[in-house]
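Asks: Structure in structure tokens, see below.
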Amino acid sequence: MLLEVQTARTYALPLQKTGQEILFSMRTRRGLDKRLPSTAGKCQAGRGHQHPDLCLKYTPRPHLNVHIRHLRYAALLDTVSQISFINEHTAAQLRREGYNVAQHEGQVQLANGSTADIPVRLPVRIQHRTYHHDFTVLPALESPVLIGTDLWARTGITIRPPRRHPTIRTAPTCGTAGELAPCTRQEQERLQEFLTAELEKFTAVQGPTTTTSHRIRLREPTPIKQRYRPRNPAMQAIIDREVEEMEAAGVIESSHSAWSLPVVIVKKKDGKHRFCIDFRRVNDVTEKDAYPLPQVTATLDKLRGERYLTTLDLKNGYWQVPLDAESRPITAFTIPGRGLFQFTVMPFGLHSAPATFQRLLDTTLGPALKPHVFVYLDDIIILSRTFDEHLELLAEVFRRLRDARLRLNPEKCRFCVGQLKYLGHVIDRDGIRTDPEKVSAVANWPEPTTIKQVRQFLKMASWYRRFITNFSSIAAPLTQLTRKDAC
């Protein structure tokens, strides 16, 4: 199986089983404007190349040189915007040149819900022809001029496609995140002073929380005993060290349980190891908690239009939740030469643990802080449009976390950032797009040989389905393979 990601935003997946090729078209939600000629963006055979005076450049989006009177600008060609814009700097230049800015009535609704006004009629020269066209002043626009479909349709110009760079993988964007940007120097100084005072208060917080506890509800009470899995000396040394640290921190305790489950060591991104237990057999005989987790797409959509954004991370989040006394023996595990241990706090791997943790954070922060505070498990997002409001929200969130005896991990917290990686997405002032690291995982996914592996691939690919037009139709051949009558 081959999965290719190109700057043209496509995934190509030839399947040897079916002989069919699935093309994952990576585009934004809105397609090419119907008013544009069908040749827009293409270099047509038999009609020559683009005009030699067009001076088109990709950085990486297409820009072409235009003239407004004697001033030359690099104008962004945008197939999504229905109108054309200039930024405030361009408007100021034209005023200094003595150009009479004629104002018209009306406002423009932007993608983030805000409005822009003050349309300006300008004489724009493209190639050798001048167009008198209405532009709207958009202060947040990075490009000096943006040519929307209204002007592009009038010109009828065609452009060549960008050169292919196989080694460069550009993730697709979706929507806009407004004016998300880092703090100014003065704001940064105020922020550091605020954090120095607030984070110091967390040193006095002693967990675990007293707000809730986790209980394992068994459908079948018969104890499960699994043999210990032998480890090589290097891995056994890591396990022994983890056990010593957890016992010293009160995370585990000695046990006389009839249960015994195997140990699993998972390597984290930072190179450290996470001590886990294989709870699959326990999960098979326990009731699931139906408390819902937030929808990722809904959370991402709420990030639009905000300027200040902070993410908070809880230190060993699950271990800050106590485990019910009757449930502790169910988590027992064996360490050769040391005996039997059991957890005193909620361990990783229990299928109802995410629901317990989400309920805890929802109760702690509450609906009163929405729409400025969102929680997805141990990730807390705080966003606002003004810096003062942001500090007030941070202070309130910090207070509520301390009251619940929940501790932060300052190393993983990011305050007032200009770019953020969140749940497999990259968020910055240019919009919301896929995380190149996650796309790389899709690109390197091995060819599935079983129905289970096909399901796994479909589940992983559907994480980015909001970037893929008609995902369900495109993935239909793969979905067919997961049915019982596929063979």
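If you use the numbering used here, the sequence shown corresponds to residues 213 to 699, in order. Cβ atoms here follow ideal geometry from the backbone N, Cα and C, with glycine treated the same way.
1. Would you check whether the ligand FMN has a heavy atom nearer than 6 angstroms to the C-beta of ILE280?
2. Return the residue from the list LEU358, GLN448, PRO541, PRO689 that minimises the CA-CA distance to HIS485.
3. Mark PRO602 as exposed unless 16 or more other C-beta atoms lie within 10 angstroms of its C-beta, in which case mark it buried.
4. Roughly how many whole angstroms lie between the Cα atoms of PHE669 and ARG492?
5. Could you give the DSSP three-state label for GLN218: helix, strand or coil?
6. For ASN495, does the three-state DSSP call read helix, strand or coil?
7. Taking DSSP as the reference, what is the three-state secondary structure of ALA446?
8. Jot down the residue ranges of each uninterrupted alpha helix (DSSP H) in the stretch 453 to 499, minimum 4 residues, whole runs only, in chain order.
9. Which of the three DSSP states, helix, strand or coil, is assigned to THR434?
10. Would you call the stretch 417 to 436 and the stretch 527 to 540 in contact, with 3 or more CB pairs under 8 angstroms?
11. Return the first residue and the last residue of the alpha helix (DSSP H) that ASP640 is part of.
12. Taking just the CA atoms, how far does VAL292 sit from ARG242?
13. Suppose contacts are defined by Cβ-Cβ distances below 7 angstroms. Is ILE547 in contact with VAL478 by that definition?
14. Can you give me the Cβ contacts of SER472 inside the same chain, cut-off strictly under 7 angstroms, excluding the 5 residues immediately before and after it?
15. Rounded to the nearest angstrom, how far is the Cβ of HIS275 from that of ALA287, given a contact under 8 angstroms?
16. Give me the Cα-Cα distance between LEU403 and VAL417, rounded to the nearest whole angstrom.
17. Which residue comes first and which comes last in the alpha helix (DSSP H) that contains VAL587?
18. Rounding to the nearest angstrom, what Cα-Cα distance links PRO374 and PRO272 in this structure?
19. Starting from ALA286, trace the alpha helix (DSSP H) in both directions and tell me its first and last residue.
20. Is it right to say THR396 is buried, meaning 16 or more other beta carbons lie within 10 angstroms of its own, or is it exposed?
21. Thinking PHE627 and LEU407 are a contact (beta carbons under 8 angstroms), I'd like their distance in whole angstroms, please.
22. When we look at the beta-carbon of THR576 and count the other beta-carbons within 10 Å, is it buried (16 or more) or exposed?
23. Which first and last residues belong to the beta strand (DSSP E) in which THR302 is found?
24. For the pair the stretch 563 to 576 and the stretch 492 to 509, tell me if three or more CB-CB distances fall below 8 angstroms.
25. Contact check, ILE451 vs VAL475 under 8 angstroms by CB: the rounded distance?
26. What alpha helix (DSSP H) runs, 4 residues minimum, are completely inside the stretch 553 to 594?
27. Just list the residues that DSSP pairs ARG341 with in beta bridges.
28. Can you tell me which residues form a DSSP beta bridge with LYS269?
29. Considering only their Cβ atoms, is the gap separating LEU595 from LEU505 smaller than 7 angstroms?
30. Quick check: the Cα distance between PHE555 and ASP490, rounded to an integer number of angstroms?
31. Express the C-alpha separation of LYS671 and VAL654 in angstroms, rounding to a whole number.
32. Which residue from GLN631, THR694, THR681, TYR270 puts its Cα closest to that of THR661?
33. Tell me SER596's beta-bridge partners as DSSP assigns them.
34. CB GLY360 to CB ASP290, shorter than 7 angstroms?
35. Where ALA567 and PRO445 are concerned, what is the direct C-alpha to C-alpha distance, given to the nearest angstrom?
36. At the level of alpha carbons, what is the spacing between ASN528 and THR681?
Replies: In short:
1. The ligand FMN is not part of the structure shown, which contains no ligands of any sort.
2. GLN448
3. The question names Pro, but residue 602 is His in the sequence shown. Label assigned to HIS602: buried.
4. 21 angstroms
5. For GLN218, the predicted structure reports a pLDDT of 35, less than 50, and the residue's modelled location is therefore unreliable. A value from the coordinates is still provided. In the structure shown, GLN218 sits in coil (DSSP, three-state: anything other than H, G, I, E or B).
6. helix
7. helix
8. 492 to 496
9. coil
10. yes
11. No alpha helix (DSSP H) contains ASP640, which is instead part of the beta strand (DSSP E) from 637 to 640.
12. Note that ARG242 has pLDDT 43, beneath the 50 cutoff, so the model's placement of it is unreliable and the number below is only indicative. ARG242 and VAL292: Cα-Cα distance of roughly 6 angstroms.
13. no
14. LYS437, GLN438, ALA544, PHE545, THR546, LEU552
15. 6 angstroms
16. 22 angstroms
17. VAL587 -> not in any alpha helix (DSSP H); beta strand (DSSP E) instead, spanning 585 to 588.
18. 8 angstroms
19. Not the alpha helix (DSSP H): ALA286 falls in the beta strand (DSSP E), residues 283 to 289.
20. exposed
21. 7 angstroms
22. buried
23. Run containing THR302: none in the beta strand (DSSP E); it sits in the alpha helix (DSSP H), 300 to 308.
24. yes
25. 6 angstroms
26. 565 to 577
27. ILE338
28. HIS275
29. no
30. 13 angstroms
31. 11 angstroms
32. THR694
33. TYR520
34. yes
35. 36 angstroms
36. 38 angstroms
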